[in-house]
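There are 2 protein chains.
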Amino acid sequence: MVAVGSKCRVCKGPAVIDLPRHNAHFCTEHFVELCRRQVVKAIERFQMLTRDDRVLVAVSGGKDSLAVWDMLVELGYRADGLYVGLGIGEYSATSADYARAFASSRGLHLIEVSLRDEYGYDIPTAAKATKRVPCSACGTSKRHLFDKAALDGGYTVLVTGHNLDDEAAVLFGNTLRWDVGYLARQLPVLPARDGFPKKVKPLIRLTERETAAWCIVRGIDYLVEECPMAAGNKHLEYKASLNEIESRSPGSKASFYLNFLDNMAPLLAGRSAAATEQLGECRSCGAPTTSDLCAFCRIVEKASAHDPVPVELVLGRGRGRR
Amino acid sequence: MVAVGSKCRVCKGPAVIDLPRHNAHFCTEHFVELCRRQVVKAIERFQMLTRDDRVLVAVSGGKDSLAVWDMLVELGYRADGLYVGLGIGEYSATSADYARAFASSRGLHLIEVSLRDEYGYDIPTAAKATKRVPCSACGTSKRHLFDKAALDGGYTVLVTGHNLDDEAAVLFGNTLRWDVGYLARQLPVLPARDGFPKKVKPLIRLTERETAAWCIVRGIDYLVEECPMAAGNKHLEYKASLNEIESRSPGSKASFYLNFLDNMAPLLAGRSAAATEQLGECRSCGAPTTSDLCAFCRIVEKASAHDPVPVELVLGRGRGRR
Numbered sequence: 050m051v052a053v054g055s056k057c058r059v060c061k062g063p064a065v066i067d068l069p070r071h072n073a074h075f076c077t078e079h080f081v082e083l084c085r086r087q088v089v090k091a092i093e094r095f096q097m098l099t100r101d102d103r104v105l106v107a108v109s110g111g112k113d114s115l116a117v118w119d120m121l122v123e124l125g126y127r128a129d130g131l132y133v134g135l136g137i138g139e140y141s142a143t144s145a146d147y148a149r150a151f152a153s154s155r156g157l158h159l160i161e162v163s164l165r166d167e168y169g170y171d172i173p174t175a176a177k178a179t180k181r182v183p184c185s186a187c188g189t190s191k192r193h194l195f196d197k198a199a200l201d202g203g204y205t206v207l208v209t210g211h212n213l214d215d216e217a218a219v220l221f222g223n224t225l226r227w228d229v230g231y232l233a234r235q236l237p238v239l240p241a242r243d244g245f246p247k248k249v250k251p252l253i254r255l256t257e258r259e260t261a262a263w264c265i266v267r268g269i270d271y272l273v274e275e276c277p278m279a280a281g282n283k284h285l286e287y288k289a290s291l292n293e294i295e296s297r298s299p300g301s302k303a304s305f306y307l308n309f310l311d312n313m314a315p316l317l318a319g320r321s322a323a324a325t326e327q328l329g330e331c332r333s334c335g336a337p338t339t340s341d342l343c344a345f346c347r348i349v350e351k352a353s354a355h356d357p358v359p360v361e362l363v364l365g366r367g368r369g370r371r
Numbered sequence: 050m051v052a053v054g055s056k057c058r059v060c061k062g063p064a065v066i067d068l069p070r071h072n073a074h075f076c077t078e079h080f081v082e083l084c085r086r087q088v089v090k091a092i093e094r095f096q097m098l099t100r101d102d103r104v105l106v107a108v109s110g111g112k113d114s115l116a117v118w119d120m121l122v123e124l125g126y127r128a129d130g131l132y133v134g135l136g137i138g139e140y141s142a143t144s145a146d147y148a149r150a151f152a153s154s155r156g157l158h159l160i161e162v163s164l165r166d167e168y169g170y171d172i173p174t175a176a177k178a179t180k181r182v183p184c185s186a187c188g189t190s191k192r193h194l195f196d197k198a199a200l201d202g203g204y205t206v207l208v209t210g211h212n213l214d215d216e217a218a219v220l221f222g223n224t225l226r227w228d229v230g231y232l233a234r235q236l237p238v239l240p241a242r243d244g245f246p247k248k249v250k251p252l253i254r255l256t257e258r259e260t261a262a263w264c265i266v267r268g269i270d271y272l273v274e275e276c277p278m279a280a281g282n283k284h285l286e287y288k289a290s291l292n293e294i295e296s297r298s299p300g301s302k303a304s305f306y307l308n309f310l311d312n313m314a315p316l317l318a319g320r321s322a323a324a325t326e327q328l329g330e331c332r333s334c335g336a337p338t339t340s341d342l343c344a345f346c347r348i349v350e351k352a353s354a355h356d357p358v359p360v361e362l363v364l365g366r367g368r369g370r371r
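Chains as they are written, first to last, in our numbering: chain A, 50 to 371; chain B, 50 to 371.
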């Protein structure tokens with residue numbers, strides 16, 4: 050990750066990572082300190098969390114969610130984990146192992162929900178049954194179960210591990226279409242409202258390279274593979290475009306996302322679809338929805354009636370947007 | 050430009066060009082018709098021109114400016130041309146030949162201004178003398194001389210040949226920085242105000258591939274080379290990024306720029322720097338400026354006192370932004 054002989058910007062000791070956007074190298078200790086400072090800065094700037102909050106972290110077994118859980122616990126927050134079993138073949142089986150191993154190594158509480166066991170379907174089957182891209186059924190399912198688990202468990206805040214690359218890529222897609230409704234709600238904090246918990250993203254100031262390095266230096270094993278069903282989706286294309294821009298001009302990605310929050314988001318306040326829509330209750334599950342039956346229950350209805358579809362049958366069709 | 054055997058979408062005759070973003074092929078006649086329709090649409094939608102206008106077209110000798118001049122004359126507008134000699138070695142000499150040849154072949158009036166003869170400098174010398182990127186000195190010089198020629202000549206509108214690729218690339222750069230002041234003024238029409246003429250961009254709905262094809266099918270010879278001093282600048286990088294996105298999703302570039310005009314520009318009205326700044330008169334030339342001496346006169350002062358610098362000495366340093 051770094052040229053031999055490079056020195057830490059802070060202590061001049063041997064560096065373990067170079068961060069071109071900070072135009073500097075860091076040793077393990079000062080890299081960890083930098084990451085922690087970025088997370089604290091995000092939490093404070095956007096009033097994400099207080100010590101009184103009961104925090105639920107959505108955990109996938111990947112680097113970002115394990116890193117944010119680790120950081121929050123280390124910073125003194127009371128944070129449990131939530132793992133949703135998506136039934137994406139070997140990928141899901143392995144990801145669950147990583148989530149469980151991390152929780153047990155730290156003595157943390159991990160809630161588990163299984164789509165197949167509790168709702169009678171999995172993501173490959175949902176993709177086939179709804180004839181939509183897997184990322185769409187997956188996003189809807191996860192959002193619903195995250196919200197439900199947070200509310201049912203009495204948690205005051207739901208944390209997700211979205212990092213700077215994730216948020217910049219979503220912003221990039223919404224900007225390419227100038228979708229004002231989506232742009233207006235692309236904020237690192239969504240307040241609680243009408244049956245939705247407060248949701249926050251403490252990793253918005255760290256790149257995925259940095260969260261991966263955090264896990265490595267902190268000795269956290271995580272699932273390295275991307276979800277096989279996401280291959281070729283637009284989100285990954287947008288990340289690639291931004292990475293090219295970043296490699297030519299280090300810092301571009303952070304300024305794209307963070308300047309949006311500073312300069313543009315305030316001008317869009319109140320323009321999200323959510324700001325104006327009228328919500329009723331889903332007739333099946335009671336969740337807030339603009340329809341008679343919520344999007345999650347529509348998936349459950351179709352997918353649970355469908356014969357199980359193995360993941361191999363629907364691979365390479367992941368072309369959705371988040 | 051097109052696979053053998055392809056047929057025009059309109060008449061089913063042999064096609065000469067494929068346009069992926071329209072998902073169609075066109076013969077010469079219907080390609081020309083499509084271009085004309087796009088230009089008329091831009092002119093009408095943004096109230097760019099009327100038949101009573103006296104139009105001055107800024108002409109570089111490249112495809113865009115010759116195409117727009119050709120189209121406007123063909124559509125019945127009264128349009129003269131303006132060529133500014135920038136003194137960029139062989140590149141400028143050749144570009145002037147193309148501009149003159151086009152004007153004389155159509156019996157059109159071409160005004161010529163020479164930076165070296167009339168103001169005592171050229172762009173390579175200005176870049177060296179001001180220690181800034183050549184594109185910066187060039188943009189400032191051209192904008193000033195375009196404005197001055199339009200006002201001095203009694204023209205009511207200044208036309209430039211900026212195409213969809215140009216505008217999308219500038220928008221892309223301003224969006225990466227979320228520079229709200231620049232975003233707010235990125236409009237295809239700037240109304241006349243305080244010593245500035247009205248300025249319009251009729252080619253915003255045509256790509257540079259389309260303006261090049263227009264010139265080819267209309268028999269217009271133009272300078273194909275890019276300006277040697279622009280090599281490696283950010284504007285060209287942004288074009289390349291957008292072209293990659295476009296190749297994966299045809300139509301992305303047009304929707305990026307045109308959706309901005311429809312969805313976002315109205316929200317930014319009144320937020321440009323120009324909307325709030327107080328303009329005085331330049332003490333040297335009288336042009337509107339926020340300083341004592343306008344940016345153009347500052348360049349003239351420095352560059353005309355400097356020994357002439359041949360273009361070869363400053364090549365490859367063009368890293369500016371428009």
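The beta-carbon is built from N, C-alpha and C at its ideal position, and this holds for glycine as well.
Please classify residue i: is it buried, with 16 or more other beta-carbons within 10 angstroms of its beta-carbon, or exposed?
i, result
"residue 254 of chain A", "buried"
"residue 114 of chain A", "buried"
"residue 280 of chain B", "exposed"
"residue 183 of chain B", "buried"
"residue 128 of chain B", "buried"
"residue 54 of chain A", "exposed"
"residue 203 of chain A", "exposed"
"residue 369 of chain A", "Summary for residue 369 of chain A: the model assigns pLDDT 41, below 50, so the residue's position carries little reliability; its value from the coordinates is reported in the next sentence. With 16 or more other Cβ atoms within 10 Å, it is buried."
"residue 340 of chain B", "exposed"
"residue 215 of chain A", "buried"
"residue 180 of chain B", "exposed"
"residue 71 of chain B", "exposed"
Tell me the rounded alpha-carbon separation between residue i and residue j.
i, j, result
"residue 246 of chain A", "residue 140 of chain A", "28 Å"
"residue 330 of chain A", "residue 173 of chain A", "28 Å"
"residue 360 of chain B", "residue 282 of chain A", "46 Å"
"residue 332 of chain A", "residue 342 of chain A", "6 Å"
"residue 265 of chain B", "residue 171 of chain B", "31 Å"
"residue 95 of chain A", "residue 78 of chain A", "26 Å"
"residue 230 of chain B", "residue 312 of chain A", "10 Å"
"residue 133 of chain B", "residue 209 of chain A", "56 Å"
"residue 145 of chain B", "residue 109 of chain B", "7 Å"
"residue 75 of chain B", "residue 308 of chain A", "43 Å"
"residue 356 of chain B", "residue 336 of chain B", "26 Å"
"residue 268 of chain B", "residue 86 of chain B", "20 Å"
"residue 193 of chain A", "residue 63 of chain B", "54 Å"
"residue 363 of chain B", "residue 143 of chain B", "19 Å"
"residue 293 of chain A", "residue 187 of chain B", "28 Å"
"residue 274 of chain A", "residue 289 of chain B", "30 Å"
"residue 296 of chain B", "residue 295 of chain A", "20 Å"
"residue 353 of chain B", "residue 169 of chain B", "5 Å"
"residue 97 of chain B", "residue 56 of chain B", "34 Å"
"residue 371 of chain B", "residue 233 of chain B", "Note on residue 371 of chain B: pLDDT 37, under 50, position unreliable in the model; the coordinate value appears next. Their Cα atoms are separated by approximately 15 Å."
Below 8 Å on the Cβ atoms is my contact criterion, and I expect residue i with residue j to pass it. Report the Cβ-Cβ distance as a whole number of Å.
i, j, result
"residue 131 of chain A", "residue 104 of chain A", "That pair is no contact at about 11 Å."
"residue 189 of chain B", "residue 344 of chain B", "5 Å"
"residue 83 of chain B", "residue 122 of chain B", "The Cβ separation is near 19 Å, so there is no contact."
"residue 213 of chain A", "residue 303 of chain A", "6 Å"
"residue 88 of chain B", "residue 251 of chain B", "5 Å"
"residue 164 of chain B", "residue 124 of chain B", "With 8 Å as the limit, residue 164 of chain B and residue 124 of chain B do not qualify as a contact, their Cβ atoms being about 31 Å apart."
"residue 291 of chain A", "residue 217 of chain A", "6 Å"
"residue 305 of chain A", "residue 220 of chain A", "7 Å"
Within the same chain, show all residues whose beta-carbon is closer than 6 Å to that of residue i, passing over the 5 residues directly before and after it, in chain order.
i, result
"residue 24 of chain B", "The displayed coordinates of chain B run from 50 to 371. Any statement about residue 24 of chain B would go beyond what the structure contains."
"residue 80 of chain A", "66"
"residue 366 of chain B", "For residue 366 of chain B, the predicted model reports a pLDDT of 47, less than 50, meaning its position is unreliable; a value from the coordinates is still stated below. So no residue of the chain qualifies."
"residue 73 of chain A", "58"
"residue 138 of chain A", "360"
I'd like the list of long-range same chain contacts for residue i, defined as Cβ closer than 8 Å, with 5 residues on each side in sequence excluded.
i, result
"residue 154 of chain B", "none"
Which residues in the same chain as residue i place their Cβ atom closer than 7 Å to its Cβ, once the five residues preceding and following it in sequence are excluded?
i, result
"residue 314 of chain A", "236"
"residue 272 of chain A", "110, 111, 143, 144, 147"
"residue 376 of chain B", "The question about residue 376 of chain B has no answer here: the residues shown for chain B are numbered 50 through 371."
"residue 205 of chain A", "102, 103, 247"
Continuous beta strand (DSSP E) assignments of at least 3 residues falling wholly in the stretch 100 to 167 of chain B:
103 to 107, 127 to 134, 159 to 163
If we require 3 or more residues per run, which beta strand (DSSP E) segments fall completely within the stretch 210 to 271 of chain B?
247 to 249
Please specify which runs of the alpha helix (DSSP H), each continuous and at least 4 residues long, are wholly inside the stretch 286 to 332 of chain A, giving them in chain order.
301 to 308, 314 to 317, 322 to 325
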